[in-house]
Amino acid sequence: MSAEDELTRLRAQNAQLQRELDRLRGSGALQQSAPDAANGAAATATPSWDGLQHGLNKEQIARYSRQIVLHSFGVQAQAKLCRGSVLIVGAGGLGSPAALYLAAAGVGRLGIVDKDSVELSNIHRQIIHREADVGVHKAVSAAQSCRALNSSIQVEVHCEGFTPANAVQLVRQYDVVVDASDNAPTRYLISDACCAVGRPLVSGAAIGTDGQLTVYCHGADGPCYRCLFPEAPAAGNCARCVDAGVLGVVPGVIGTLQALEAVKLLSGIGEPMSRRLLVIDCAAGRFHSVKLRAKSASCVSCGTSPAITAASLPSYDYAAFTGQAAANDAAPKPLQLIAREDRITPAELQQRWVAGPCCTARHWQGCVRGRASVLRYLYKLAAECPSSLPAPARLPGCRIASQPDCVVLDVRPAEQFNICHLPGALHAPFKHFDRHLDQVKGRLAAAAAAAGPATSGSSQDDPPPLYVVCRRGNDSQRAVARLRELGIRHGVDVVGGMEGWAAEVDPSFPTY
Amino acid sequence: MVKVRLEFSGGLDLLFGNQKAVEADIPQQSGHQLTVAEAMAWARDNLLTDRPELFMKGSSVRPGVLVLLNDTDWELCGELDALVADGDRVTFISTLHGG
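Residue numbers (my numbering), protein chains in the order written: chain A, 1 to 512; chain B, 1001 to 1099.
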């Protein structure tokens, strides 16, 4: 068993034990002296002092003293926090600071919902998780951090994610809900559940350098998410962090503000952001709040005769309504958009172009001249490279794109192309694909010329090989199809894109 | 002509050549005051550089976009028929989902 396998196994075991511990804690089978004594206003011994019926004990008073002595907050507000509970849906970029601040502030009971495990690419913004948590369930990891920060509160872990089946029952158990999710279907679901059960919802979102914050389902006239957006945006209009990117601090700012709003709602101090939307542009350094409509009488969720209720919600099809699954950061489904014969796997590509274990850079440079010459190359190899020779370092195919008589077209956005690409690859971002047509034609002509007299005479029939790659192999198929429409009919799509290349051919190729 | 500040937020700026705000002079039909609907159509026809379907659907904004007139939800001012005067701001905000 490799060290990596062992690590994976131990992490799984650790997550399992943590879940067991959480289950025992939840069932009360474990006597947890610290949280119960601290939280229960029910310190049983008769105290030698009296307060204004706040129920806080000496430890709590010391711990939260800086906000207790705050004129606009005070001991009663703190007592409400300590008696209060918050459900945080999503232990990601927003949920991280939200959960940490709410734990630190002394909210008596926190529920953390997630269904994913921590990945290294999460940690730049999901600061509740540590390097050692990679592979650990996010809800479990987040709960550990909250407990480490404040052992006197109760933290409940919900590892199954937030689904139509459990939404109502989960929301019902808490006073305030924080939407720290990352996709449209879950946002509608959380809002509907809060309407159905009557809980205020602190909603935050962030992408790139932009953030938004508001409070839904609050007070007499506060709208819900559906009041504002009765019709779901098309799936293609919803940027995701995994594609569009996000500056780590941005969800940090919004998640922190969500904690603030939850504290305000629980304690009853301040003016919650109901009927207001805070829009932040972190690049410009602008915070701006705008006035929103009141709740709509005709809203199917919070209107006068709602169609979505606690009873009907579990059977509501959120994927159909939003046209997308609640899949968040996950890779998009690999599609088969063009004929299989117009596609090649990275391994096949490697086989075709870097023909065997005897291939060295020199052989490559010297022998390979276009597809027609592969056979000639193989004959030469057979003659020159008897199997007794030690196998030289295998060329990971990195020369493919830099071969003058072969064209690799990379259609990823510039941000991704700039991270890593095959040497010599021609960059033609799919977003503005047609603008690059002349470049593609130019490169193909140059490649045909470089292929030499053997193929140049018949370049119409046997044009230089053209391979199209993207991140994962969907856009590249669309690009191959578009090339066809534009008259370039021999483009071949690389299945799985550069991620496939990294997985099958060159493990040193960065993935992101 | 009506001088209007058009603002694009939540990623909509990408559809308008990465401009977050444009000071626009929008022509109006004689005898009529400019409406938000007309301002929106003008922005689509004169400023949009990319994929119009991400900005409008039919004669209104696409689902998921909030429209504000001087920082107030357009639903409170008459939506498409809301009147736009010199110096007003019309803001288009795409709702975000990331987290």
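All C-beta atoms in this analysis are idealised placements derived from N, C-alpha and C, irrespective of residue type, glycine included.
(1) Enumerate in chain order the residues of its own chain whose CB-to-CB distance from residue 194 of chain A is below 8 Å, with the five nearest sequence positions on each side excluded.
(2) Taking C-beta to C-beta, are residue 212 of chain A and residue 277 of chain A nearer than 8 Å?
(3) Hey, would you say residue 324 of chain A sits closer than 8 Å to residue 94 of chain A, going by beta carbons?
(4) Hey, residue 155 of chain A and residue 167 of chain A are a contact pair by Cβ (cut 8 Å); roughly how many whole angstroms apart?
(5) Run through chain B and tell me which residues come within less than 9 Å of residue 207 of chain A, C-beta to C-beta.
(6) If you draw a straight line from the C-alpha of residue 32 of chain A to the C-alpha of residue 21 of chain A, how long is it?
(7) Once DSSP output is grouped into helix, strand and coil, what is the label at residue 1068 of chain B?
(8) Consider the Cβ of residue 1049 of chain B: report whether some Cβ of chain A lies at a distance smaller than 8 Å.
(9) Name the residue from B/1098, B/1014, B/1093 and B/1085 whose alpha carbon lies nearest to the alpha carbon of residue 1047 of chain B.
(10) Are the CB atoms of residue 265 of chain A and residue 214 of chain A within a distance shorter than 8 Å?
(11) Can you pull the chain A neighbours of residue 1075 of chain B, defined as C-beta to C-beta under 8 Å?
(12) Considering only residues of the stretch 308-351 of chain A, which uninterrupted alpha helix (DSSP H) runs meet the minimum length of 4 residues and lie entirely inside it, listed in chain order?
(13) Can you confirm whether residue 435 of chain A, when its beta carbon is compared against all beta carbons of chain B, has any partner nearer than 8 Å?
(14) Using DSSP with H/G/I as helix, E/B as strand and the rest coil, what is residue 427 of chain A?
(15) Residues of chain A with a CB under 9 Å from the CB of residue 1071 of chain B: which are they?
(16) Please state whether DSSP places residue 301 of chain A in a helix, a strand or coil.
(17) Evaluate the contact criterion for the stretch 1066-1076 of chain B versus the stretch 1049-1057 of chain B: three or more CB pairs, one atom per stretch, below 8 Å.
(18) Is the shortest distance between the beta-carbon of residue 1068 of chain B and the beta-carbons of chain A less than 8 Å?
(19) Just verifying my parser: in three-state terms, what is the DSSP assignment at residue 114 of chain A?
(20) Do residue 504 of chain A and residue 331 of chain A have their CB atoms nearer than 8 Å?
(21) Can you tell me the Cβ-Cβ gap for residue 130 of chain A and residue 252 of chain A, rounded? I've got them flagged as a contact below 8 Å.
(22) Strictly by DSSP, which residues pair up with residue 288 of chain A?
(23) Could you confirm whether any beta carbon from chain B is found closer than 8 Å to the beta carbon of residue 181 of chain A?
(24) Excluding sequence positions up to five away, which residues of its chain have a Cβ less than 7 Å from the Cβ of residue 483 of chain A?
(25) Do we get a CB-CB distance below 8 Å when we pair residue 1063 of chain B with the residues of chain A?
(26) For the structure I just gave you, are there three or more beta carbon pairs, one from the stretch 472-487 of chain A and one from the stretch 430-444 of chain A, closer than 8 Å?
(27) Curious, which full-length beta strand (DSSP E) runs of at least 3 residues does the stretch 185-229 of chain A contain?
(28) Does the CB of residue 465 of chain A have a neighbour CB from chain B at under 8 Å?
(29) Between which two residues does the beta strand (DSSP E) harbouring residue 462 of chain A extend?
(30) Counting only C-beta atoms, is residue 221 of chain A closer than 8 Å to chain B at any point?
(31) Report the three-state DSSP secondary structure of residue 1056 of chain B (helix, strand or coil).
(32) May I ask which residues mark the beginning and end of the beta strand (DSSP E) holding residue 1091 of chain B?
(33) With a 10 Å radius around its C-beta and 16 neighbouring C-beta atoms as the bar for buried, classify residue 350 of chain A as buried or exposed.
(34) Could you have a look at residue 271 of chain A and say whether DSSP puts it in helix, strand or coil?
(35) Which whole-angstrom value describes the C-beta separation of residue 243 of chain A and residue 294 of chain A, a residue pair presumed to lie in contact below a C-beta threshold of 8 Å?
(36) How far does the beta strand (DSSP E) with residue 1003 of chain B in it reach, from first residue to last?
The relevant details are as follows:
(1) Position 194 of the first sequence, counted from the start, is the residue given in the question as residue 194 of chain A. So the list reads 171, 177, 200, 201, 216, 217 and 224, once near-sequence residues are dropped.
(2) Numbered from its first residue, the first sequence carries residue 212 of chain A at position 212. Numbered from its first residue, the first sequence carries residue 277 of chain A at position 277. Against a cut-off of 8 Å, the Cβ pair of residue 277 of chain A and residue 212 of chain A comes out as a contact.
(3) Translated into positions along the first sequence, residue 324 of chain A becomes position 324. Translated into positions along the first sequence, residue 94 of chain A becomes position 94. For residue 324 of chain A and residue 94 of chain A, no; Cβs fall outside 8 Å.
(4) Counting from 1 along the first sequence, the entry for residue 155 of chain A is found at position 155. Counting from 1 along the first sequence, the entry for residue 167 of chain A is found at position 167. Between residue 167 of chain A and residue 155 of chain A the Cβ distance is about 20 Å, and since that is not below 8 Å, they are no contact.
(5) If you number the first sequence from 1, residue 207 of chain A lands on position 207. From the beta-carbon of residue 207 of chain A, the residues of chain B found nearer than 9 Å are 1010, 1011, 1096, 1097, 1098 and 1099.
(6) One-based indexing of the first sequence puts residue 32 of chain A at position 32. One-based indexing of the first sequence puts residue 21 of chain A at position 21. Residue confidence is low: residue 32 of chain A scores 46 on pLDDT, short of 50, so the model does not pin down where it sits. Its coordinate-derived value is still stated next. Those two C-alpha atoms are separated by around 12 Å.
(7) Sequence index remark: in the second sequence, residue 1068 of chain B carries index 68 (1-based). Note: residue 1068 of chain B maps to strand in three-state DSSP.
(8) Position 49 of the second sequence, counted from the first residue, corresponds to residue 1049 of chain B. With respect to chain A, the C-beta atom of residue 1049 of chain B has no partner C-beta closer than 8 Å.
(9) Indexing the second sequence from 1 puts residue 1047 of chain B at position 47. Nearest option by C-alpha distance: B/1014.
(10) Working through the first sequence from its first residue, we reach residue 214 of chain A at position 214. Working through the first sequence from its first residue, we reach residue 265 of chain A at position 265. At the C-beta level, residue 214 of chain A and residue 265 of chain A stay beyond 8 Å of one another.
(11) In the second sequence, counting from the first residue as 1, residue 1075 of chain B sits at position 75. The answer, in chain order, is 293.
(12) Every alpha helix (DSSP H) of 4 residues or more that sits fully in the stretch 308-351 of chain A is shown, in chain order, as 318-322.
(13) Position 435 of the first sequence, counted from the first residue, corresponds to residue 435 of chain A. Not an interface residue.
(14) Position 427 of the first sequence holds residue 427 of chain A. Of the three classes helix, strand and coil, the one that applies to residue 427 of chain A here is strand, per DSSP.
(15) Counted from its first residue, the second sequence places residue 1071 of chain B at position 71. Correct list: 288, 289, 290 and 291.
(16) Locating residue 301 of chain A in the first sequence gives position 301, where the first residue counts as 1. Per DSSP, reduced to three states, the secondary structure at residue 301 of chain A is coil, with no helix or strand assignment.
(17) Segments in contact, no.
(18) The residue you call residue 1068 of chain B lines up with position 68 of the second sequence. Output row for residue 1068 of chain B: interface = yes.
(19) For this step, residue 114 of chain A is matched to residue 114 along the first sequence. Coil.
(20) As a position in the first sequence, residue 504 of chain A is number 504, starting the count at 1. As a position in the first sequence, residue 331 of chain A is number 331, starting the count at 1. Their beta carbons are not under 8 Å apart, which means residue 504 of chain A does not touch residue 331 of chain A by this criterion.
(21) Counted from its first residue, the first sequence places residue 130 of chain A at position 130. Counted from its first residue, the first sequence places residue 252 of chain A at position 252. A Cβ-Cβ distance of about 16 Å is found for the pair residue 130 of chain A and residue 252 of chain A, leaving them out of contact under the 8 Å criterion.
(22) Residue numbering aside, residue 288 of chain A sits at position 288 when the first sequence is read from its first letter. Within the DSSP secondary-structure output, residue 288 of chain A pairs in a beta bridge with A/279.
(23) Along the first sequence, one-based indexing puts residue 181 of chain A at 181. Interface annotation, residue 181 of chain A: in contact with chain B, CB-CB separation under 8 Å.
(24) The sequence position of residue 483 of chain A within the first sequence is 483, counting from 1. If the five residues before and after residue 483 of chain A are omitted, its C-beta is found closer than 7 Å to the C-beta atoms of 491, all from its own chain and listed in chain order.
(25) Start at 1 with the first residue of the second sequence, and residue 1063 of chain B comes out as number 63. For residue 1063 of chain B, the answer is yes, since a Cβ of chain A falls inside 8 Å of its Cβ.
(26) Result yes; three or more Cβ-Cβ pairs closer than 8 Å.
(27) Within the stretch 185-229 of chain A, the complete beta strand (DSSP E) runs of at least 3 residues are 201-207 and 210-216.
(28) Counted from its first residue, the first sequence places residue 465 of chain A at position 465. For residue 465 of chain A, the answer is no, since every Cβ of chain B falls outside 8 Å of its Cβ.
(29) The residue you call residue 462 of chain A lines up with position 462 of the first sequence. Run containing residue 462 of chain A: none; DSSP gives neither H nor E here.
(30) In the first sequence, residue 221 of chain A corresponds to position 221, counting from 1. Not closer than 8 Å to any Cβ of chain B, the Cβ of residue 221 of chain A fails to qualify, so no.
(31) Here the question's residue 1056 of chain B lines up with position 56 in the second sequence. Residue 1056 of chain B falls in the strand class under three-state DSSP.
(32) Position 91 of the second sequence, counted from the start, is the residue given in the question as residue 1091 of chain B. Element bounds for residue 1091 of chain B: 1088-1094.
(33) Locating residue 350 of chain A in the first sequence gives position 350, where the first residue counts as 1. So residue 350 of chain A counts as buried.
(34) Start at 1 with the first residue of the first sequence, and residue 271 of chain A comes out as number 271. Of the three classes helix, strand and coil, the one that applies to residue 271 of chain A here is coil, per DSSP.
(35) For the purposes of this step, residue 243 of chain A is taken as the residue at position 243 of the first sequence. For the purposes of this step, residue 294 of chain A is taken as the residue at position 294 of the first sequence. Not really, about 35 Å apart at Cβ, beyond 8 Å.
(36) Here residue 1003 of chain B is taken as the residue at index 3 of the second sequence, counted from 1. Where residue 1003 of chain B is concerned, the enclosing beta strand (DSSP E) stretches over 1002-1009.
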